[in-house]
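The structure appears below as structure tokens.
Numbering (my numbering), first residue to last: 57 to 169.
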């Protein structure tokens, strides 16, 4: 809720995580997790736009379906975050998330400009 009280707080947090993920002086595991957080944010932004569009176009008739899909998105995000926290606690890259981990590896392991 702190991010919501700061003007452009979520954008500032997004840019901060992106800068952190691209800073090669930081430990790889920290950069990996920061990049994965950025990608999860982007991947969750897409369904939220879709849900808003569907609700706007079709009205209240699909509200229950959109709400159920929102719950599914929350459970998937919770599982991904839990897996990432446990993997990081054991000092391993949380690299078993299907699409996110592959994109994270490509972003973290690419050569510097």
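Note that the Cβ used here is the ideal one computed from N, Cα and C, for glycine as well. Keep in mind that this is a model prediction, so the values were computed, not measured.
Per the C-alpha coordinates, the member of 168, 96 and 149 positioned closest to residue 86 is 149. Taken through DSSP and simplified to helix, strand or coil, residue 103 comes out as helix. Between residue 91 and residue 140, the C-beta gap is not smaller than 8 Å, which leaves the two residues out of contact. Per the Cβ contact rule, the stretch 104-113 is in contact with the stretch 121-128 (3 or more Cβ pairs under 8 Å). Note on geometry: alpha-carbon atoms of residue 160 and residue 97 lie some 13 Å from one another.
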